[in-house]
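Protein chains in written order, with the numbering used here: chain X, 230 to 406; chain W, 18 to 104; chain Y, 9 to 976.
Built from N, CA and C at the ideal position, the CB exists for glycine as well.
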């Protein structure tokens with residue numbers, strides 16, 4: 230009996246270190262998109278709270294506990310890192326394989342990201358648990374601050390190589406200064 | 018140029034796709050007649066001053082946004098989610 | 009000549025000769041220290057030119073740095089920092105700077121004035137492009153590019169702050185100190201290598217200590233603040249909407265491989281304070297362009313800041329008190345002052361040097377550099393031996409950024425210059441010399457006060473303390489051009505002199521914008537920074553108007569030249585666009601498949617096998633796989649959009665011309681999508697997975713457009729529809745399995761066998777693939793019995809390898825884009841080659857797919873008479889007739905006996921292929937009244953490639969028109 234083998238989006242690409250910056254792949258077993266139907270945001274949030282202990286986060290925010298994470302992902306859209314059942318409340322799609330998730334951290338990480346990301350990432354405005362849908366170079370991404378000097382990017386799986394490449398070049402340029 | 022997305026706050030213009038005049042908010046009925054459809058499809062004012070148009074936060078949250086801006090001063094007075102705007 | 013021995017020096021070369029310089033000082037300072045005065049040839053007349061300024065406004069001393077692909081032309085020697093091993097070259101001179109053959113232009117100058125080209129080379133017209141322009145471009149010009157790809161790195165970056173302070177002279181430093189202490193997030197940007205502005209270049213005390221010391225102390229205080237970011241070598245180049253500013257940073261330190269040279273910043277600031285200072289302007293007197301004639305403030309900069317004397321016997325010529333400090337500083341530094349010449353009568357100057365008041369410089373001499381000047385004085389003239397003339401026509405506030413959003417500056421008579429008009433740039437205020445406040449005390453005070461206002465506006469509580477400093481008045485009496493004979497240069501960089509401007513006025517180019525274009529004044533890389541005010545004063549005089557009425561030309565960004573490399577940083581090579589790779593990418597590349605770009609995606613063209621020497625061989629073989637056995641193709645690049653909700657069916661009915669609410673669960677239907685103007689936007693299949701759950705496929709090319717279109721429909725047109733959409737393109741790896749053996753192949757990998765009775769044509773549903781949950785669609789883009797099998801993307805690589813290996817065991821294998829294209833052309837299936845944006849449902853023979861029972865996007869417009877006219881070009885098949893070498897896409901169709909000219913055009917081809925199945929060349933195309941002309945023989949002419957062929961019109965479905973193979 231043949232078995233299909235699993236391959237992660239950033240296999241062969243990560244981890245890597247450039248100067249003070251380290252990049253690694255984040256593997257989440259389950260990621261579901263949750264888009265509540267008209268008027269169902271509150272019941273959806275309540276149902277999620279029952280199931281995973283977290284409700285829908287505010288726009289621009291990510292919340293997590295030991296079991297799961299809920300990341301706001303756009304207009305009427307959240308990504309939930311857990312199995313959820315929300316029949317009739319929200320449109321749910323399996324996104325477990327759709328995203329390349331990359332953690333980048335280290336001293337000067339904000340300087341590296343300033344080369345690529347057109348939003349204000351200063352610690353005073355983009356705090357821990359803040360998330361945004363924006364761009365990295367020419368790519369559409371989600372970015373979440375996960376530490377004082379650590380961020381997580383979600384990019385389209387097919388663009389994993391470009392994601393790593395662009396961040397590497399930016400980090401090299403900073404390191405060369 | 019920076020546009021305030023009602024979901025995301027102020028963002029660089031590069032994140033947005035420009036559609037054009039916000040008259041798409043009032044699509045004519047199928048039987049509205051050729052003049053109404055001609056106006057809807059083709060005819061646009063070109064005001065020196067206040068204008069209302071539609072932008073899509075394509076590289077952001079995916080919201081369609083109604084933007085009120087001034088073509089002379091470039092000031093943006095107001096932005097709202099198209100999904101909830103009164104029409 | 010150096011005034012002190014430097015502590016350490018490095019060596020660099022200029023035109024191959026070795027010189028020593030102090031690290032970090034401008035090349036101009038090192039060249040002056042070495043006694044080099046001739047450094048460039050002028051743009052048009054190739055006149056010898058030297059160093060004129062000590063900043064980014066330099067007009068003459070443009071040089072090329074480096075060689076080969078790394079060569080960077082038109083770098084200002086006054087900004088370029090000396091570093092070990094730096095190679096600098098002069099430009100616009102041949103064979104050498106000293107003996108420049110093109111200097112003959114200067115002898116011809118009486119014939120080469122403004123408008124010369126327009127008048128002389130009017131006609132014959134074709135000569136302009138072929139002869140005149142190339143010759144003129146060679147003769148006139150600046151540095152050149154190598155034409156080779158430059159591998160140097162550049163950067164782009166974003167920054168955000170509460171307050172952007174532009175310029176770190178006394179006003180900027182005080183503003184930063186005040187705003188920073190109040191707690192604002194501050195960026196202080198200055199284009200110099202060190203902050204301090206003229207405090208570093210003048211001999212003045214601030215708070216009882218020397219200016220440079222006070223500046224250093226202040227910078228140290230600012231560095232200690234977390235909320236203040238100091239950016240040296242950073243020129244703010246443009247002011248844009250909503251508080252966005254462009255800035256160019258020259259990255260400090262040695263040039264070396266892998267290190268970026270420049271960074272182009274986009275700075276977003278809630279407020280900005282312009283403290284850009286002022287630029288000294290020249291005086292137009294005869295032959296005022298000889299090497300050795302420079303700005304008085306530049307002379308002081310070289311003496312006071314870099315310890316370099318630009319001459320052995322310096323003369324000063326000015327119309328204002330500020331010029332006098334030049335003499336004072338030179339004397340203090342031990343440099344001989346040959347004379348001080350002031351055009352004003354009522355001035356008092358004390359000093360141990362000759363002073364001529366009410367005097368003017370009327371002539372200069374010296375072949376490659378200044379040797380003597382003649383002045384008019386007390387009714388006579390007098391010759392003075394001098395190798396350096398420091399001139400000052402007064403100061404122009406640097407108002408540029410305030411005018412870049414279409415504002416105009418305001419004339420201020422007491423300083424004889426323009427000052428910013430408040431409110432020109434929303435959020436920007438001005439302070440210090442750029443505001444017309446010229447004394448150090450005034451700069452410090454304005455900087456502090458303006459910053460306090462800004463901080464208060466941000467809700468902070470600033471404190472204002474202003475240090476004491478020199479507060480002497482700036483007295484000036486305007487002097488633009490000295491009367492008399494000879495060329496009096498105004499725009500040194502573009503070789504424009506007083507007579508050119510007068511000629512423009514005389515020939516009725518009286519508007520300042522017309523004068524600029526007629527003379528080219530202000531159009532050089534320096535954009536007339538030093539020359540504009542003088543030029544329009546001369547124009548005002550020539551036209552009998554005042555300066556305010558004459559007005560200024562339009563100021564546009566950038567303030568200093570920004571290299572395209574910096575603006576396009578990161579977009580070379582792999583940075584040009586994201587690469588989207590399918591999960592089968594590695595396996596395809598390993599099989600030697602050449603990849604082609606499809607939008608951002610990379611897809612395999614074909615999979616070559618040993619012995620195949622031409623792509624057609626591979627392609628034909630792969631087509632035969634599908635027609636005779638089974639082929640496997642990665643189709644993951646097609647857009648996949650998940651649609652759910654009570655309104656999902658209604659949404660599909662509204663965006664597709666045909667009906668999807670009637671589609672059964674577990675079935676798939678082809679859909680046609682129109683734009684609101686009635687033309688075809690996209691097509692694809694949509695599967696109904698549940699009562700309120702569909703998954704739509706789009707073409708690869710239109711995936712993003714369709715997603716935007718669906719969001720537009722849901723959010724703008726029909727917010728009443730309760731449906732949600734989400735792209736699942738990336739979630740699924742999807743493979744076409746096509747051919748008579750496709751079911752057998754599937755049954756070798758699926759956990760449960762499938763049979764045709766349960767899986768008829770257009771069925772869809774869940775399956776298990778080697779233990780993994782997947783989706784199966786029985787759809788066909790090849791016309792064969794075929795399926796598309798999808799699994800979560802993590803298994804894509806593994807499944808592709810498995811499917812291709814199995815296919816090979818059935819006498820088939822992987823197929824690429826070339827074969828896919830042949831297969832679909834044989835079946836007359838359209839792609840964006842056919843639905844290219846100008847075709848309607850009627851044109852492609854699908855007008856019956858527009859349901860009459862419901863409204864949909866594009867339905868009303870598609871019914872317009874012009875879009876359903878029988879005369880329109882309609883989709884047809886075209887078969888090669890006789891001995892045809894090649895059919896080509898984009899060729900035009902003509903009646904056999906008609907001349908192949910535009911007026912006789914009957915249509916065009918869109919897709920072509922050689923069909924190994926039918927063993928003939930096929931094409932799809934559009935032909936006037938095409939559906940009624942089957943059987944007609946036409947002439948296909950490709951004018952570009954010079955290919956002709958005879959083709960027979962037929963139904964676009966060449967192969968298996970009944971469709972039995974796909975359904976069976």
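Using Cβ-Cβ distances below 7 Å, what residues of the stretch 37 to 59 of chain W are close to chain Y? 41, 42, 44, 47, 54 and 58
Closest to residue 374 (chain X) by C-alpha separation, out of X:324, X:315, X:292 and X:317, would be which residue? X:292
Is the beta carbon of residue 52 (chain Y) closer than 7 Å to that of residue 503 (chain Y)? yes
Is residue 185 (chain Y) buried or exposed, if buried means 16 or more other CB atoms sit within 10 Å of its CB? buried
Cα-Cα separation between residue 200 (chain Y) and residue 273 (chain Y), rounded to whole angstroms: 16 Å
Alpha helix (DSSP H) runs contained entirely in the stretch 686 to 758 of chain Y, provided each spans 4 or more residues: 711 to 720 and 750 to 755
Use the C-beta contact count for residue 116 (chain Y): other C-beta atoms within 10 angstroms, 16 or more gives buried, fewer gives exposed. exposed
From residue 811 (chain Y) to residue 101 (chain W), what does the alpha carbon distance come to, in whole angstroms? 48 Å
Residue 83 (chain Y) versus residue 626 (chain Y) - alpha carbon distance: 54 Å
Cutoff 7 Å; reference residue 383 (chain X); Cβ partners in own chain excluding five residues on either side: 328, 330, 370 and 371
Would DSSP call residue 772 (chain Y) helix, strand or coil? strand
Pair within 7 Å by beta-carbon distance, residue 616 (chain Y) and residue 600 (chain Y): yes
Inside the stretch 258 to 284 of chain Y only - beta strand (DSSP E) runs reaching at least 3 residues: 270 to 282
Residue span of the alpha helix (DSSP H) that contains residue 814 (chain Y), given as start and end: 804 to 817
Nearest neighbour of residue 192 (chain Y), chosen from Y:464, Y:552 and Y:323 [CA to CA]: Y:464
Counting only Cβ pairs nearer than 7 Å, list the residues of chain W close to residue 361 (chain X). 25
Would you say residue 81 (chain W) lies against chain Y (beta-carbon separation less than 7 Å)? yes
Spatial neighbours of residue 564 (chain Y) within its chain, please: C-beta separation below 7 Å, excluding the five flanking residues on both sides. 412
Is it the case that the Cβ atoms of residue 4 (chain Y) and residue 961 (chain Y) are separated by a distance below 7 Å? In the structure as shown, chain Y starts at 9 and stops at 976, and residue 4 (chain Y) therefore has no counterpart that could be examined.
Which of the three DSSP states, helix, strand or coil, is assigned to residue 987 (chain Y)? A question about residue 987 (chain Y) goes unanswered here, because the residues of chain Y that appear run from 9 up to 976.
So, helix, strand or coil for residue 575 (chain Y), using DSSP? helix
What are the residues of the stretch 276 to 297 of chain X that lie near chain W, defined by any Cβ-Cβ distance shorter than 9 Å? 288 and 289
Alpha carbons only, please: which of W:94, W:95, W:90 and W:104 is nearest the one belonging to residue 431 (chain Y)? W:90
Status (buried if at least 16 other CB within 10 Å, exposed otherwise) for residue 863 (chain Y): exposed
Which chain B residues sit within Cβ distance under 8 Å of residue 34 (chain W)? Note that chain B does not occur in the displayed structure, where the protein chains are X, W and Y.
Which residues in chain X sit within 8 Å of residue 31 (chain W), going by Cβ to Cβ distance? 347 and 364
Run through the stretch 24 to 76 of chain Y for me and flag every whole beta strand (DSSP E) of 3 or more residues, listed as ranges in chain order. 25 to 29 and 70 to 73
Between which two residues does the beta strand (DSSP E) containing residue 178 (chain Y) stretch? Residue 178 (chain Y) -> not in any beta strand (DSSP E); alpha helix (DSSP H) instead, spanning 178 to 189.
Which of the residues in the stretch 303 to 324 of chain X, read from start to end, lie with their CB under 9 Å from any CB of chain W? 303, 304, 305 and 306
Would a C-beta distance cut-off of 7 Å place residue 591 (chain Y) and residue 805 (chain Y) closer than the cut-off? yes
Burial state of residue 521 (chain Y) (16 or more Cβ within 10 Å): exposed
Touch test, the stretch 643 to 658 of chain Y against the stretch 706 to 714 of chain Y, Cβ-Cβ under 8 Å, three pairs minimum: yes
Using 10 angstroms around the beta-carbon of residue 217 (chain Y), count the other beta-carbons present and answer buried if the total reaches 16, otherwise exposed. exposed
Amino acids of chain W, ordered along the chain, whose beta-carbon sits closer than 9 Å to that of residue 387 (chain X): Those within 9 Å of residue 387 (chain X) in chain W number zero; the least Cβ separation is about 16 Å.
Would you say residue 724 (chain Y) lies against chain W (beta-carbon separation less than 7 Å)? yes
What are the residues in the stretch 849 to 874 of chain Y lying within 7 Å of chain W by C-beta distance? 863, 867, 868 and 869
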